[in-house]
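For the sequence shown, the working numbering gives the first residue as 3, with consecutive numbering after it. We put the beta carbon where it would ideally sit given N, CA and C, even for glycine. What you are looking at is a predicted structure, and each value in this text was computed from that prediction instead of being measured.
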Amino acid sequence: MGTLEIKNSLVRSATDEGLSTEKGAPTQRLINTLVELAKGGAGLIIAGTAYISHEGRWGNTGTGMDKNCLIKPLSQLCKAVQKADGIIAAQLLHCGSTVNPAILPEKKSLLGPSAMIDPVIGHPVLELSRDHILKIVDDYAKAALRAKQAGFKAVQIHAAHGYLINQFLSTSRNWRKDQYGGSLKKRSLFLYQVYEAIRGAVGKEFPVFIKMSAYDGFPGGVMPQDAIQVASALDAMGIDAIEVSAGTPEGAKKGGWDHIIPAPFKEGSLLKYALQIKEKVNCPVISVEGWRDPLKIVQTLEKIDAVSMCRPFIREPDLANRWLGGDLSPALCISCNKCLDLTLKSGLGCIFHKRKKDGHS
Ligand SMILES: Cc1cc2nc3c(=O)[nH]c(=O)nc-3n(C[C@H](O)[C@H](O)[C@H](O)COP(=O)(O)O)c2cc1C
């Protein structure tokens with residue numbers, strides 16, 4: 003992936019661990035969690051999303067990449083992961099108006115491409131001014147540089163799942179009349195500026211990835227043909243890898259899809275979107291969502307560069323080593339999505355871990 007060679011094609015997709023302090027510093031429990039994943043053999047670990055500015059926080063237990071004073075504690079995290087033979091990337095996010103309701107009361111205002119009542123949260127959204135947009139672009143660049151200085155081996159731009167960059171791309175959120183709204187080219191300008199600013203900050207050699215939604219899960223959001231064009235443009239600009247997701251909370255609200263699909267679903271349920279993008283780009287493409295069966299994954303790796311998983315690694319942090327060691331039974335994760343509530347309440351976890359500790363089964 004660019005200058006980065008990963009250990010194998012099983013990637014841990016970014017997973018908000020909910021284990022950082024109120025100020026965004028990693029706790030020892032977060033370090034332990036990521037070290038356990040590194041020891042468990044994942045080829046690349048994409049850490050849970052990190053906010054690029056205080057206003058861009060999604061919740062109050064996420065990791066911060068917004069202040070220089072966080073570089074030191076984050077470098078301890080990176081060193082610990084590296085010592086455990088892990089390769090770790092940072093995912094960078096401004097959440098836009100998609101915030102965790104738990105911190106809604108302390109957000110002075112919700113921000114987005116256009117003024118509206120947020121269709122998911124139900125609160126008013128203020129339209130970002132041009133100067134504010136340029137400040138956010140700069141915040142991304144500074145956050146990426148901090149990630150590099152802390153020792154992350156790559157950064158991933160979070161452009162999926164209904165957060166700010168995704169909102170700019172979507173006609174259901176972006177009604178602007180200036181250079182940031184209108185045609186797909188104009189709606190993508192913010193993303194391209196973010197990419198170029200990050201590239202300028204970290205240099206040509208440092209790997210920069212993107213996670214994008216190939217389909218927002220409802221007509222009016224990002225559609226597959228839009229995503230293919232955006233992916234091709236980023237490929238030409240020099241992006242080092244594209245992770246292809248789909249679905250948004252808005253999709254779920256409008257009777258379509260959210261991005262964390264509960265069981266039952268088809269193995270690798272979003273593969274067709276990743277393959278459509280793979281056909282048009284030169285950089286490596288990663289398919290996320292619903293990978294559980296190693297035999298199907300092996301077949302798929304003939305067509306795609308890597309697969310990424312989130313929930314399976316929560317239940318089994320050593321999943322990659324288990325499969326690479328020859329135990330080819332599918333992931334134990336049943337995709338019940340209870341990890342979402344658990345993570346919000348008490349930090350990353352799986353109900354089956356709790357049961358085991360309590361002596362239930
Ligand atoms: C607890 C939890 C936290 C997540 N946090 C993030 C995140 O920080 N960034 C991100 O891009 N996706 C996040 N996701 C979505 C996953 O990365 C992934 O796209 C989705 O769960 C589908 O993959 P899976 O079927 O392997 O779980 C999260 C999902 C869960 C369940």
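Sequence-distant residues of the same chain with beta carbon closer than 6 Å to residue i, five excluded per side
i: N10; result: G45
i: P115; result: Q169, F170, R175, N176, R178
i: V309; result: S289, W293, I299
Neighbour-count burial assignment, residue i, 16 or more Cβ in a 10 Å radius
i: G351; result: buried
i: K359; result: Summary for K359: the model assigns pLDDT 47, below 50, so the residue's position carries little reliability; its value from the coordinates is reported in the next sentence. With fewer than 16 other Cβ atoms within 10 Å, it is exposed.
i: S111; result: exposed
i: V300; result: exposed
i: K81; result: exposed
i: E7; result: exposed
i: K5; result: In the sequence as displayed, the identity of residue 5 is Thr instead of Lys. It is exposed - the Cβ of T5 has fewer than 16 other Cβ atoms within 10 Å.
i: E57; result: buried
i: A238; result: exposed
i: S331; result: exposed
i: H134; result: exposed
i: P319; result: buried
i: G50; result: buried
i: E207; result: exposed
i: R14; result: buried
i: S247; result: buried
Residues near residue i by beta carbon distance below 7 Å, same chain, minus five either side
i: H362; result: Legend: pLDDT at H362 = 38, less than 50; position of this residue unreliable, value from coordinates given subsequently. No residues qualify anywhere along the chain.
i: L277; result: K305, I306
i: F154; result: C80, I90, A91, A92
i: L321; result: G42, P314, F315, A333
i: Q231; result: L186
i: E24; result: N62
Cross-strand partners of residue i (DSSP beta bridge)
i: V1; result: Beyond the ends of the chain as shown, which are 3 and 363, falls residue 1; an answer cannot be given.
i: V210; result: V157
i: R14; result: I47, M311
i: P221; result: G223
i: E245; result: K213, I288
i: A238; result: None; A238 has no bridge partner.
i: S22; result: P28
Same chain, Cβ closer than 8 Å to residue i, five either side skipped, listed in chain order
i: L344; result: L350, G351, C352, I353, K356
i: M225; result: Y217, D218
i: T173; result: R189, G222, G223
i: G202; result: A143
i: H125; result: S99, L106, L112, I119
Host alpha helix (DSSP H) of residue i (start-end)
i: L191; result: 191-204
i: E38; result: 30-41
i: Q151; result: 132-152
i: A276; result: 273-280
i: E252; result: 251-255
i: N168; result: 166-171
i: L344; result: 340-348
i: T302; result: 296-302
i: K77; result: Rather than Lys, the amino acid found at residue 77 in this sequence is Ser. Its alpha helix (DSSP H) spans residues 73-85.
Cβ-heavy atom distance, residue i to ligand 1, below 7 Å
i: A16; result: yes
i: R324; result: no
i: T63; result: no
i: R313; result: yes
i: W177; result: no
i: A162; result: yes
i: G219; result: no
i: C338; result: no
i: C341; result: yes
i: T345; result: yes
i: E198; result: no
i: G349; result: no
i: Q169; result: no
i: W259; result: no
i: Y51; result: The amino acid at residue 51 is misidentified as Tyr; the sequence shows Thr. Because some heavy atom of ligand 1 lies under 7 Å away, the Cβ of T51 counts as near it: yes.
i: G45; result: no
i: S247; result: yes
i: E291; result: yes
First through last residue of the beta strand (DSSP E) which encompasses residue i
i: I90; result: 90-95
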